[in-house]
Structure formats: C-alpha cells, structure tokens
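Protein chains in written order, with the UniProt record's numbering: chain A, 1 to 168; chain B, 1 to 168. Where a beta carbon is used, it is the ideal one built from N, C-alpha and C, also for glycine. Inspection log for the structure reproduced underneath, given as structure tokens.
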C-alpha cells in the first residue's frame, strides 16, 4: 500500500488542526487562571510585522482548506475572517475540519500532475503541479501558520509542549 | 506517477534546510548591520522553557536525518551538538543535506508498513509504521524546529518573510 496525495495531506491537516483547537483550550485555561480576557491572545504577535494570533489561526485553517481544494480543483467554502474570540476560532477550525474531511481520496489521488495556480497579491500567479504544490507550498505554509500560532502561545506563557504540538 | 515515501519527504527536507541556511545568512547580515556578535542569536529563545536557536537548528537537522534513517531502517551519522557560531550551524545543515540527499528512493519507497520505533526519554518507545511515522511525527517535528528557528529570527528583527520561509 503506497502513500497517496490524500494520505499524505488530509490526515495531516485534520490532526494538526485538532491539535491547534486543543491548544486554544489550554490558552483559555491559562487566561482564566491568570485573570485576563482570553480574547487578548487574538492580537498578540511575535513581531510588529508578523500577523497576530487570530490571523495565524485563520490562515492555518485556510492553508488546509485551499491545500485540498486546489489539488482537487474544486471550490473552497468561504469563511469570513471575523472571529473575535477563542470560541469563534474553535468554530472556524471545526468548520475547516468538516470541509477538509469531506473531500474524498478519489478527488485528490491521481492529481500529482494537475495544474495548480495560486493567485498572488503583487505578482503573477504561482504555477505548480499538484505534487509540488502540496509538498513545497501547501503543507509548509500550513505548518508555518500552525507552528507560529503555537509559538505565540508559548511565548506568552501557555503550558504547551511537543506532545501537544504533535498530538496524541 | 504517484507520490512516494521518498518524494513526499526528501525534497521537503532538502528544500527547507536550504531555506534555513539562507535565513542564517540574513541573520548574519542583520547582526553586522546592527553591530552585534552574530553568535548572540544562538542563545535566543521564545520562552524560558523553550530551547534556544542553536538547539532549534540542530534539532531541525536531526529531524530530517532521523526522518529518513528511521524509515529506511539504516544508521544515521552522528553529529555532535557543538556548534557555537552561525558558520558552524551552516556546516551542520550542509552535512545533514549531504546525508539526506544520499539516501536513495529505493530505501524509502515501499517502507510504508515498516515498523519504526522512536526511543523516548522518560517513557516507552513510540511505535509507528513508516507512513504514520513520516506524516504524523517526522515531518511535523521537522517543521516545528525549522519554523521555531524562523520565528526566533523574526522576533529578533531579522528581515525575513514568507517567500524566504517557502524558498524560491
């Protein structure tokens, strides 16, 4: 049984997004214990020219969403970036999990050579085949935002470790 | 042409480690411009109970090294964790790139169901099959350390962005 486009991506998105949701629970507990509003986390960032926590979580979700939609060549659901609380971010993660988990393997497997075009803000779209898009853009970009979200929480004292990062 | 254990991992390790090496060049340039010793970066960390930059880079290298060695069922070269400069960290990355790039696809492909056992410090070894080790441990762990290294540099003012993270 060899690996496939689906098996190398969807379970990874599902697991890491579930982990991210669990970190939000720990972040909330930390805030309650320290008596500050959990919504404070949303605006925390690691550098003035890096995006804040709320954007890192939204972008992690979109990275997974687009990761599967673009390989499959299907429309991705639109999620408004309007979350203002940890609870709303958890709902965003849950909606993303539902979409990502709904894409059947048959829509991803065999798409290694499919053309994938990524719109860019200030330049020409990036062109990939499915395999290169997934291994050199979608998954790294996903891990970037998930790990940066984790790092913001750790930098701000939330009790998380590698086991939380990797999940059970 | 379907993806494979090798194609989903080795090019990813090689590309991201090369990117990491380029970030070290930018970090050095930043230090020179700001007139501080580049070696200062090595002890910077995002939280007191997170590992410093030097360890993040060493662990990124080892994550790639063990990522391929454990799937292939071969011995990994031992690299002493003795680096005290950015130049030495670049050499560590180069040595890691050489090893990872030397493992032929035939030693990784077909190892999806091979047993992989990860020694743990305070508990029983973790047991995986090759596919699950690669997608749920090796690659996420690798991205954790690479991204954390990136985050430490960004937090400390080095001029890097997503294009640097993903590479050209």
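Query, Result
"Note down the Cα distance separating residue 15 of chain A from residue 137 of chain B, rounded to an integer number of angstroms.", "11 Å"
"For the beta strand (DSSP E) holding residue 126 of chain A, just list the boundary residues, first then last.", "126 to 129"
"What number of angstroms, rounded off, separates the C-alpha of residue 116 of chain A from the C-alpha of residue 7 of chain A?", "19 Å"
"Within a Cβ cutoff of 7 Å, which residues of the same chain sit near residue 72 of chain B, ignoring the five residues on either side of it in sequence?", "103, 107, 108 and 111"
"In the DSSP output, which residue or residues are listed as bridge partners for residue 116 of chain B?", "B:128"
"Taking the C-alpha atoms as reference points, what is the distance between residue 129 of chain A and residue 40 of chain B?", "41 Å"
"By Cβ distance, which residues of its chain are closer than 8 Å to residue 184 of chain B, with the 5 residues on each side in sequence left out?", "Lying before the first or after the last residue shown, residue 184 of chain B is absent from chain B, which here runs from 1 to 168."
"So with CB distances below 7 Å, who are the chain A contacts of residue 141 of chain B?", "166"
"Classify residue 63 of chain B: buried if its beta carbon has 16 or more other beta carbons within 10 angstroms, exposed otherwise.", "buried"
"In the DSSP assignment, the alpha helix (DSSP H) including residue 66 of chain B goes from what residue to what residue?", "53 to 72"
"Return helix, strand or coil for residue 88 of chain A, following the three-state DSSP convention.", "helix"
"In chain A, which residues lie with their C-beta within 8 Å of the C-beta of residue 11 of chain B?", "135 and 136"
"Touch check for the region 42 to 59 of chain A and the region 19 to 38 of chain B: three-plus C-beta pairs under 8 Å?", "no"
"Is residue 155 of chain A helix, strand or coil by DSSP?", "helix"
"What are the residues in the region 18 to 52 of chain A lying within 7 Å of chain B by C-beta distance?", "46, 47 and 50"
"Rounded to whole angstroms, what's the CA-CA distance from residue 119 of chain A to residue 122 of chain B? Just pull it up for me.", "47 Å"
"Taking C-alpha atoms, which residue in A:47, A:144 and A:46 lies nearest to residue 17 of chain A?", "A:144"
"Buried or exposed: where does residue 140 of chain B fall if 16 or more other Cβ atoms within 10 Å of its Cβ makes it buried?", "buried"
"Thinking C-alpha only, which one of B:133, B:127, B:50 and B:44 is nearest residue 157 of chain B?", "B:44"
"Could you check how far apart the C-beta atoms of residue 24 of chain A and residue 86 of chain A are, in whole angstroms? I think they sit under 8 Å.", "5 Å"
"Kindly indicate which three-state DSSP category residue 103 of chain B falls into: helix, strand or coil?", "coil"
"Measuring alpha carbon to alpha carbon, tell me which of A:51, A:92, A:100 and A:82 ends up nearest residue 152 of chain A.", "A:51"
"Going by Cα to Cα distance, which pick from A:135, A:149 and A:168 is closest to residue 4 of chain A?", "A:135"
"Go to residue 164 of chain B, then tell me how far its alpha helix (DSSP H) extends in each direction, as first and last residue.", "162 to 166"
"At a Cβ cut of 9 Å, what residues of the region 107 to 118 of chain B count as close to chain A, listed as they run along the chain?", "109, 110, 112 and 113"
"Between the alpha carbons of residue 42 of chain A and residue 13 of chain B, how many angstroms are there, rounded?", "31 Å"
"Can you give me the C-alpha to C-alpha distance between residue 83 of chain A and residue 66 of chain A, rounded to a whole angstrom?", "19 Å"
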